[in-house]
Each structure stands twice: as C-alpha cells, then as structure tokens.
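Order-wise, the sequence lines are chains F and E. Residues 1 to 319 (our numbering) make up the first sequence, in order. Residues 1001 to 1322 (our numbering) make up the second sequence, in order. Before any comments, here is the structure.
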Amino acid sequence: MAQYILRRLLIAIPSLLGISVILFTVLALAPGDPFEELATNPAIPPDVRAALRASLGIDDPVHIRYFRWLTAMLQGNWGFSFVSRVDVDQLILQRLPATLLVIGTSQILALAIALPVGVFAATRPYSVFDQVANTLAFIGFSLPTFFTGLLMILLFSVTLGWLPFVYRTDIDATGWRWWWEHLRQTIMPVLVLGLFQGASWTRFVRSAVLDVIRLDHVTTARSKGLPESRVTMRHVVRNALIPVVTLVALQMPAVFGGAIVTEQIFRIPGIGSLLISAILANDTPVIMAVTFVFACLVIFFNLLADVLYGWLDPRISYS
Amino acid sequence: MTPLLDIKGLKVHFQTDDGMVRAVDGVDIAINRGETVSIVGESGCGKTVTAMTVLKLIAMPPGRIVAGQVLFEGHDLVPLPAEDMRAIRSKQIAIVFQEPMTSLNPVYTVGEQIAETIRQHEGMSKRAAMTRAAEMLALVQIPNAHKRVSDYPHQFSGGMRQRVMIAMALSCNPKLLIADEPTTALDVTIQAQILELLNEMKQRLGMAVLLITHAMGVVAETAQRVIVMYAGKVVEEATVEALFATPRHPYTQGLIRSIPRIDLAATQHVRLEAIPGSVPSLLNPPVGCRFAARCRYVMPECRTAEPLLVEKAPGHKAACIL
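Quick look at the structure:
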C-alpha cells in the first residue's frame, strides 16, 4: 500500500511539471503586461521603467523565465505579487481559510442531504418521496450557482434584509457576536454551493443504491433473517458507497473551480477571487501559484479516490 | 403426522405492464421431516417462485400471494408479520441459491457473512460466532477452514462459494433446507461434489431438503419424492422409483426421454428426443390442460376441462385424464 502511494506520488511529478509548462506558456502567450498600468503613468520615467523590467526579468525569453520560476518554486519561493507587493505564499495562506470554510461546510451539507435522501428514495423507487426528491434534485442541479446566488441575495439581503450580501473577514465584534456575524454571512454561499452539489450527488447516490439493491447478495442477506435496516445499511449502502466515495473525491477539484464563481458573487475573499483579480491584473506569479495549487489538488484527490477505492473494495489490491 | 412443510393451494401472481402473470397457480406440496423432495420442471414453470414464496423472499409488489397457505409445523407463514418471518429465515428454513458467484456480498469476508447469520439467531459473541463459522466451513469440507474464514468471496472458486453458501444456510441448524438449483451454475464435476455434500449434510444434520432443479439426473441421485411442475401447476407427484419406472404424465415421459444417454448415442445413433413447442404464456394460460398444445396424446376433452391431480396408484398422483 505504502509502495503504491509512493509510486503514484512519483508519477505525479512529471504530470505536475507538464501542467506547469503548459500554464506558463499559456500565460506568456496571453496578451497584457503586468506593467501596463505603470506604462501609462507619466510620473515614472521610461528609463526607470526599463530598469525595473530588466531587474524583474520580464523581457527574457519564455523558457528562461520558466526555469527561473521552477528553480525558485523548488526552493520554496512562490514569487512576489506584482500588484499586492506581498509574497504569493502569504497571499494564498491569507485567502485559503475563507475558501476552505465555505467549501468544507457546503460539501458536508451536500453529503448530509445526498446520502439520506438518495438512500431513502432508492429503497422506495417511484414512490411519492422518490418522485419529489428526483424532481427537486433535477431542478437543483439544473440551476447554476451564479443564478441561485443572485436570487438568494435578492430575496434575503435586498428584499428581506436578513443576511448580509458581502462577506467580510474584518468583523469588528468579539465573542458570540463575532460567531453570529460569521454564521450569517456564511449561510448563503454554503447553501448555494451545498444544495447544488447535494442535488447532483442525490441522483448519484440513488442510482448507486438502486444498482446494488437488486443484486443477489441482498436477497441472501434477507434470507438470513436480518432486519431490513441492517440489510439496507450493511449490504446495500456499504456496497453502494464504493462508487459514491470515488465520485465525491474525484469531484472535489471541480468543486474548488465552481467555488470561484460563488466567491465572486458573495465577494468572499477566498482563493477563487484571488485568482480572478490576479488574472484581471495580469499578476502572473499569483496566477501561476493558484493554478498550480489547483493542479496539486486534482492530483491529490485522484490519489485519494484510488486509495479509498481499494480500502472500500477488497477485490482491489495494490500489490 | 403433520408434514414439516405443507403448501396448500398456493397461488402467486405478478403484476406486470402486460398484465397479471400467474407464476404459481394452485400448487400443493408436502414435505415430511428429514425427507428430500425434488421439484423439477423447465425454466419459468414456477418452481423458484414457489421456493422463494415459502420464505416470502419474492418482491411484493409486483408479486402477490393471491391464495393458499404455507404451513410450517402447522403454522401458516403467509399472514405472518415481517418480524416473525425473520425469526423463521435461516433458523427454521434456510435457502441456497443458484448463483454462488453473486450470492455472497463481495465486501465482507465469508466468515463475517456466516457469523452474521449465527449472531442474528443465536445471540453469540462476535468471537464465538466466528469460531462457529470456521467450524461450519470445515464441516462443508473447505480445506484450511480456520484460515479461509477471513478470506473474501472473490478468493474462492464457484464450487467453494457454493460450499460457503451451504455452510451459511446450515449454520443455525434449520429444519428445512431449500436448495434452488444449487448446481446449475457449476461445472459437471463440481455439481456431483455439491450434491454429494448435500446428501452428506442431510445424513449428519437430519434436516429436510427441498431440492429445486431442472436436471432429471440430479433428481434421480438425491430425492426420495419428486414433484413435476409445468406452467405454474403440479402435474405429477411420485417416489423417484415410481416416477422413472412408470411416468404417468406425458410431460414427465417427455422429460425422462430427453435425458441424454451416452450408451444409446454411441452404439445406436439414437437422436435425443425433445418435447416440441414451448411453455405457454402465464399471462393468459390456455383453457383445459396446459400441456395440451405439446402433448402427443392430446384429445378433444383436454382442451376444455382442466385435469385434476388425482391418485393413479398408491402415492403416485398425476394430472392427466389418461
């Protein structure tokens, strides 16, 4: 097992290198220049501007810039943001907690909805509960988060005035009030992300359970005289979890991607909004670092999915 | 003496999109303690549905027990609530299924699965149940049982898995074992071993066996009494000796004639006989005898009145006017 993980991690190195090459090349080919703003600023003389560009090495050929970035990265130097004038790793660490809080909570909410609803619906296929759950799930995952997000802001913030529509990290309160304010501003983004994800997972859980519930070993379990609840939990849900866990782990990187949109809508100062503002400002070091973090997440969750798969299904061995 | 299991006038129907399928349409079967009774018939004759109905393992809906009684030790199982039914399953009546490759749960060890049954009915500790599970595996002659108890089903061959299923079924000392085509999915050599094992287990533990099969050879080797089913009905019932010596119903005669005989095929180039035609639809069963369309002795009255199962000789019943 440990050997398998090590092998997978070694395989991850060339893929990460490949990803970084592509990212770097695309960014180099993209129009725009981090110094655009300075170029139009008459207060900075042209020779200062040229000296600045030379010192930062912006006009060097792409491959030289890439290797410079790579060696710095390998030494743990993530670069320096052109715009915020802060180290990139610090910038990311600053933004990460908000993202993790919102995404983490919303994924827990999604699973808390999808598992019981999906299992309950599948054990009573075509019942009223199943039909209602199916319809709601269909609606839920058909509506994009940017739409439901705006709808919620319109309803709960603008019309009713119950919840704030801008997410703040600098809440000037202490104790219970701080927690309360935090909870109020987290509700909407968590609901939007969690319900969307929960809707699609509900459908997946339902079909996974339906696939198992008709298998012969479930009849065997019933013939053993086990109570129906035990048959469902131990012989249906346990087996249906294998594809569900894999899907959830594989979808995690996509969830981070989807959170970018939600973060923009609710103005959450997370890693997604950092990426968007960096792209708009041509802040290459930040874009490189954030996209690289996303790439690492994809590889990590793929590995996690494989490991979990082997843990849940004894038929798979990694030797 | 009351029989151990007494099925009386059982009718099981299934609601489908095309209409009501009368899978079992008035079946009477009695099994005494320690007896081996075999139900034979071709696919779709209702033998498996009958067996599953005894343990109420058919899906309801679409299935429905329309009429009849399933008396086990004199008590009717049909109106029994689900909870009381669970106490019967495996403890009193156990079942072995046709498909050993899919009948075990792939994510638990065979020991866990056998122990689960034992713990459900005997209230043993986890460790004691696992020890008992290993003993059961040894009883069904799985080599190295105490080690293999912690193996997963995929680490066993088809024949070994069927042994595991038999060990699981016998783990709570049931009074009746239903074996639903236990050898159909296995190689011929393994089939003989499993039948031998069933015979041996029966002699050791003394339970009654209801063996469901479509192979006449299996019937001849294991059963004492045979029930022949056709299109949801019992058409003949007799001891094994009587059935093979003097089959009364034309369908039984056809079944016996269609047993391949290697001596005749090799020396006299006799072609294997088959029963012409196919099983009638159970959506709208024909009026009169259901076998009439395929019967070589068919008479006009066969198509109007349904022949009843009557005693033609002591202990030998057949549903034919001949």
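Every residue, glycine too, gets a C-beta built ideally from N, C-alpha and C.
Given this structure, state the Cα-to-Cα distance separating residue i from residue j, to the nearest angstrom.
| i | j | result |
| --- | --- | --- |
| E:G1019 | E:L1282 | 10 Å |
| F:R8 | F:I287 | 26 Å |
| F:P31 | F:I265 | 26 Å |
| F:I276 | F:I103 | 17 Å |
| E:I1142 | E:R1163 | 7 Å |
| E:Q1253 | E:Y1230 | 13 Å |
| F:P253 | F:V293 | 10 Å |
| F:W178 | F:D313 | 44 Å |
| F:I13 | E:A1134 | 47 Å |
| E:R1248 | F:T123 | 47 Å |
| F:F67 | F:A2 | 32 Å |
| E:D1151 | E:G1158 | 14 Å |
| F:W176 | F:S142 | 37 Å |
| F:T148 | F:V119 | 26 Å |
| F:L109 | E:K1047 | 48 Å |
| E:P1314 | E:T1239 | 10 Å |
| E:C1045 | E:V1279 | 8 Å |
| E:R1148 | E:E1099 | 21 Å |
| E:F1156 | E:S1038 | 28 Å |
| E:T1246 | E:A1319 | 14 Å |
| F:N282 | F:V83 | 9 Å |
| F:V307 | E:L1077 | 47 Å |
| E:G1277 | E:Y1251 | 12 Å |
| F:L215 | E:I1065 | 23 Å |
| E:I1262 | E:R1271 | 11 Å |
| F:S81 | F:A278 | 9 Å |
| F:A121 | F:Q107 | 20 Å |
| F:G310 | F:N239 | 13 Å |
| F:L274 | F:F204 | 32 Å |
| F:S20 | E:M1165 | 55 Å |
| E:T1267 | E:S1103 | 42 Å |
Taking buried to mean at least 16 other C-beta atoms within 10 Å of its own C-beta, is residue i buried or exposed?
| i | result |
| --- | --- |
| E:A1023 | buried |
| E:Q1191 | buried |
| E:D1017 | exposed |
| E:P1174 | buried |
| E:E1353 | The structure shown does not extend to residue 1353 of chain E, since chain E spans only 1001 to 1322, so no value can be given for it. |
| F:M233 | exposed |
| E:A1145 | buried |
| E:K1233 | buried |
| F:V236 | buried |
| F:N41 | exposed |
| E:A1185 | buried |
| E:Q1203 | exposed |
| F:Y126 | exposed |
| E:V1228 | buried |
| F:P285 | buried |
| E:R1132 | buried |
| E:T1050 | buried |
| F:S317 | exposed |
| E:D1180 | buried |
| F:D60 | exposed |
| F:V112 | It should be pointed out that residue 112 of chain F corresponds to Ala in this sequence rather than to Val. Flag for F:A112 reads exposed. |
| F:Y167 | buried |
First and last residue of the beta strand (DSSP E) that includes residue i?
| i | result |
| --- | --- |
| E:I1095 | 1093-1096 |
| F:G57 | Here F:G57 belongs to no beta strand (DSSP E), and DSSP marks it neither H nor E. |
| E:V1235 | 1233-1239 |
| E:A1208 | 1208-1213 |
| F:A43 | Neither: F:A43 is in no beta strand (DSSP E) and is coded neither H nor E. |
When you measure from the CB of residue i to every non-hydrogen atom of the ligand MN, does any distance come out below 7 Å?
| i | result |
| --- | --- |
| E:K1056 | Of ligands this structure carries none, so the ligand MN is not represented either. |
Quick check on the DSSP output: the alpha helix (DSSP H) that includes residue i runs from which residue to which?
| i | result |
| --- | --- |
| E:F1072 | Element bounds for E:F1072: not the alpha helix (DSSP H) but the beta strand (DSSP E), 1063-1072. |
| F:D211 | 175-213 |
| F:P27 | The amino acid occupying residue 27 of chain F in the given sequence is Leu; Pro does not appear at that position. Start and end: 2-29. |
| E:I1256 | 1250-1257 |
| F:Y66 | 62-74 |
| E:A1179 | It is not in any alpha helix (DSSP H) - E:A1179 instead sits in the beta strand (DSSP E) that spans 1176-1180. |
| E:A1128 | 1126-1139 |
Ordered list of alpha helix (DSSP H) runs contained in the segment 240-291 of chain F, each at least 4 residues | 271-280
Contact between the segment 1004-1015 of chain E and the segment 1062-1073 of chain E: three or more CB pairs below 8 Å?
-> yes
Inspect the CB distances between the segment 240-253 of chain F and the segment 1178-1192 of chain E and report whether three or more fall short of 8 Å.
-> no
What residue ranges within the segment 1012-1042 of chain E form continuous beta strand (DSSP E) runs of no fewer than 3 residues, ordered along the chain?
-> 1019-1031, 1036-1040
Could you tell me whether the segment 1296-1313 of chain E touches the segment 1212-1229 of chain E, using the rule of 3 or more Cβ pairs below 8 Å?
-> no
Is the segment 216-235 of chain F touching the segment 303-317 of chain F in the sense that three or more CB pairs, one from each, lie closer than 8 Å?
-> no
At least 3 beta-carbon pairs within less than 8 Å: the segment 1114-1130 of chain E vs the segment 1078-1091 of chain E = yes
Using 8 Å as the threshold, is the segment 205-220 of chain F in touch with the segment 1095-1110 of chain E, meaning 3 or more CB pairs across them?
-> yes
Segment contact, 8 Å Cβ cut-off, at least three pairs: the segment 157-177 of chain F with the segment 187-199 of chain F = yes
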